[in-house]
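Colleague: Numbering-wise (our numbering), the sequence shown opens with residue 10 and increments by one.
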Amino acid sequence: MQIEEKLVKSKSLQGRIITVMVVCILIPFVILMIALEFLLNSNISEFVSLGYSTLNSLRIPLVFMFLIVPVFIIFVVLVAITRMSNRITDPIISLTQSIENIAEGDLSQEIMIDGRIRGNEIGMLAQSFQNLLVTMRLGNVSYYHGDMTLAFANYNAALELFKSTKNPHGQGMCLNNLGNIYRNWGDFNKAKEAYDKAIEIGEQEEDMGGLGPRYNNRGLLYLSEEKWTEAMSDFTKAIEIDKEMEDDEGIATRKRNIGVLYMVRNEFDLAQANLDEAIQIDSKWEYNLGLAEDEFQLGRLSLLKNDQELAIEHFKDSLKFAQSLGNYPLMKNNLESLVKLYENQGNTTLHHKAESELTKVNDVLVRKKDVIFVIDQSGSMHEWGKMVAAKTGALGVFNETINIGDRIAIIGFHSSTMTHLSLTEKKGGVSDIVGIFNKLEALPYNTKLYDSIAHGLNLLTNAPPMRDQETQERQKWIVTLTDGEDNESKKFNPRKIAHLIATFSPPLNFVLIGIGPELKKYHKKMAEMVAATPRGKYITIYSAKNVKKRIENAFQTVKEIMVASEIEGFTPEEG
């Protein structure tokens, strides 16, 4: 209904069509003018034959007026009509391509809505498909690749969509998942705020199916904060709802969480009773995910009771379920526990076997990266120690967060783009790569920023596959530092760069460090490129004060972002 009202109000596309029709009327008008010219010329000839020779001097001006001018008008009209029609059809073609990508299962590319179509009927159609894309992503686990930052951006977008469409269930689901993300990030205040709002909406709408998980998740938050009474209250409310909904899987989950609550309070008998209830329910209905969690918690409880043999059995059973489900985080937890237990027992064979399996799991969980450094080497980088700070910061990222097996490339730019190091795997010896960083220097030339970023994007797009089969796609990174506005690029501009960035799937990790007061005038251009990916970060250093230290701090932020993105582990939950 809202879309229909907007279509009625919007006149822009209709206006274009009317304009084209009105312009087209000029063509028959010009034809009429030509006909009149021939008619008038014929009359002049007749008058001349009758002796009115002075009229003969009007022939040439009339021919020019009635032939040359109409031809020019026709040319202008045709060009105008062509341009107008292209402005209508080009967005439709682009939208069609985006829809085909969605149909093929690619949910990573945003539907581009530029200023030319925003607000008209095509723009509203594109926005409708963007909204559809947002809702399709909500239940698509593979889209997130375990990335909480990406999930956070999409759940926020979905929340705004559900607010605009007055969909309370959707709002509650998004708030619940945002609470889960905040809890994973350790931001307990924001997590509680999100859970409280989700529960409030669920109670208002009597959304019993959504309330159970929301009370449970808030209970887990209270458990993390050691607020035992509040946690037990929420778990109890969740169980009551589960019983009303006849949700045995939900009941088993709450019983397991209550068992954990008693376990961390050292009330082992109550913990055992609740965990036993959970595993009985999960066994009855063959809920393998629940069984995997039950066995793991029983292993933890056995350890606290100093029964190492029983703990090993539970961890091994949990590991089998986790392996069958492909649950790598739980596999990691079980293997870490088994490694410690076998080491304590002095069982070298089993210890090495578990350690080897743990290494393989960690290789899956810690995603490999392809990282392109794009560093400004123009003359102004020599000022205030900027070049020294840039080299120090980039080396810090390389040494501390570029892991063995990751690949790295180094691009420098001034009036030209220079590939100092093509995409190269980090192995044991790194002295050559360190040497390349140390040799970077500022030279008295211009700034070719956009073309150099495009070159880095091209390196990532055409990166050769690794020799061994990898379990998942590598993260793609561009880390760019510049201290001035581009004054040399010929092929690319911010809009073209943004378009290239938006085509990456999974989304590109793009960090841009902008230095100096000059860039403040071009903030919008810089931000446009970063905003093209949900994993974008623009670090601004516009003040000339303490520039060297602030550049080093900026690269520290880059390290923190990389570390936070390495570990998989986010799975969307239904609200």
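Glycine residues also receive a C-beta, built at the ideal position from the N, C-alpha and C atoms.
1) Since D385 and L517 are thought to touch, with beta carbons under 8 Å apart, how far apart are those beta carbons, to the nearest angstrom?
2) Just to confirm before moving on: does the CB-CB distance between I413 and L430 stay below 8 Å?
3) Check whether the Cβ atoms of Y191 and R227 lie closer than 8 Å to each other.
4) Give the single residue among L310, K349, A320, D285 whose Cα lies nearest to the Cα of F277.
5) Do A463 and L432 come within 8 Å of each other at the CB atom, strictly closer than that value?
6) Can you tell me which of V488, N447, A398, M538 puts its alpha carbon nearest to the alpha carbon of N555?
7) Are there 16 or more other CB atoms within 10 angstroms of the CB of P222, so buried, or fewer, so exposed?
8) Just mark N358 as buried or exposed, buried being the case when its beta carbon has 16 or more other beta carbons within 10 Å.
9) Among W237, S333, F161, K568, which residue has its Cα nearest to the Cα of K378?
10) Quick one: Cα of N183 to Cα of G259, how far?
11) Are the CB atoms of V273 and F382 nearer to each other than 8 Å?
12) Taking I411 as part of the beta strand (DSSP E), name the residues at either end of that continuous run.
13) Measuring only the C-alpha atoms, how far is G181 from W486?
14) Do A541 and A511 have their C-beta atoms closer together than 8 Å?
15) Rounded to the nearest angstrom, what separates T480 and E366 at their Cα positions?
16) Whose C-beta lies closer than 7 Å to the C-beta of S389 among residues of the same chain, with five residues either side of it excluded?
17) Just to check my reading of the structure: Y224 and I210 have Cβ atoms closer than 8 Å, yes? What is that Cβ distance to the nearest angstrom?
18) Which term fits F244, buried or exposed, when burial requires 16 or more other beta carbons within 10 angstroms of its beta carbon?
19) Hey, could you find the ends of the beta strand (DSSP E) T549 is sitting in?
20) If you check the beta carbons only, do L339 and S327 fall under 8 Å apart?
21) In the structure shown, what three-state DSSP assignment does E434 receive?
22) Between the Cα of G444 and the Cα atoms of A240, K457, L404, which residue gives the shortest distance?
23) Residues in the same chain with beta-carbon distance under 6 Å from Q549, minus the five sequence neighbours each way, listed in chain order, please.
24) Helix, strand or coil for F513? Go by DSSP, reduced to three states.
25) State the DSSP-derived secondary structure class of K500, mapped to helix, strand or coil.
26) Please confirm whether Y551 and K533 have their CB atoms less than 8 Å apart.
27) List the DSSP bridge partners of D385.
28) Anyone know if the C-beta pair for Y671 and S424 falls short of 8 Å?
29) Taking the alpha-carbon of E302 as reference, which of A240, G335, R265, N502 has the nearest alpha-carbon?
30) State yes or no: is the C-beta of V370 within less than 8 Å of the C-beta of K349?
31) Just mark K617 as buried or exposed, buried being the case when its beta carbon has 16 or more other beta carbons within 10 Å.
Modeller: Let me spell this out:
1) Not really, about 20 Å apart at Cβ, beyond 8 Å.
2) no
3) Cβ distance not < 8 Å, so Y191 and R227 don't count as in contact.
4) L310
5) no
6) A398
7) Counting C-beta atoms within 10 angstroms of its own C-beta, P222 has 16 or more neighbours from the protein chains shown and is therefore classed as buried.
8) Per the sequence shown, residue 358 should be read as Thr rather than Asn. T358 comes out exposed.
9) K568
10) Asn is not the amino acid found at residue 183; the sequence shown has Cys there. Roughly 20 Å between the two C-alpha positions.
11) For the 8 Å CB-CB criterion, V273 and F382 do not form a contact.
12) From DSSP, I411 is part of no beta strand (DSSP E); its letter is neither H nor E.
13) Straight-line Cα distance between these residues: approximately 34 Å.
14) yes
15) In this prediction, T480 has a pLDDT of 46, which is less than 50 and means its spatial position is unreliable; nothing more can be read from the coordinates.
16) Taken in chain order, the residues that qualify are D492, G493.
17) Rounded, the Cβ-Cβ distance is 13 Å, inconsistent with contact.
18) buried
19) Looking at the DSSP string, the run of the beta strand (DSSP E) that includes T549 is 544–550.
20) yes
21) strand
22) L404
23) A quick correction: the sequence has Thr, not Gln, at residue 549. For T549, same chain residues with a beta-carbon under 6 Å away, outside a window of 5 residues either side, are G523 in chain order.
24) coil
25) In the structure shown, K500 falls within a coil segment according to DSSP collapsed to helix, strand and coil.
26) No.
27) F422
28) A question about residue 671 goes unanswered here, because the residues of the chain that appear run from 10 up to 584.
29) Closest by alpha carbon: R265.
30) no
31) What is shown of the chain runs 10 to 584, which leaves residue 617 out entirely.
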